[in-house]
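Have a look at the structure below before the remarks.
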Amino acid sequence: MKIYESIKSFSLKCKRVWFSMKKPSRKEYETIAKVSGIGILILGAMGFLISIIMKLFIQ
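Each residue of the sequence shown is one higher than the one before, starting from 53 at the first, in my numbering.
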């Protein structure tokens with residue numbers, strides 16, 4: 053019965069979170085998209101620089 057109770061408790065918590073969510077406004081969506089895009093570009097640039105540095109040291 054402990055598993056059943058934990059599943060029931062988890063589903064109630066999920067339900068509470070689900071009903072408290074709201075759809076983001078256009079401005080919020082654009083901000084999130086910009087920040088995510090910048091983060092992806094930064095990580096890509098870091099990976100590219102690390103690969104160039106590794107190629108220079110290995111040769």
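Positions of the beta carbon are idealized from the N, C-alpha and C atoms, including for glycine.
Collapsed DSSP secondary structure at residue i in the structure displayed
| i | result |
| --- | --- |
| MET73 | coil |
Chain D contact for residue i (CB, 8 Å cutoff)
| i | result |
| --- | --- |
| LYS75 | Considering every chain present, this structure includes no chain D. It has just one protein chain. |
Rounded separation between residue i and residue j - CA only
| i | j | result |
| --- | --- | --- |
| LEU95 | LYS107 | 18 Å |
| LYS79 | LYS65 | 29 Å |
| SER72 | ILE90 | 29 Å |
| LYS86 | SER77 | 14 Å |
| LYS54 | SER63 | 14 Å |
| LYS75 | SER61 | 25 Å |
| ILE104 | LEU93 | 16 Å |
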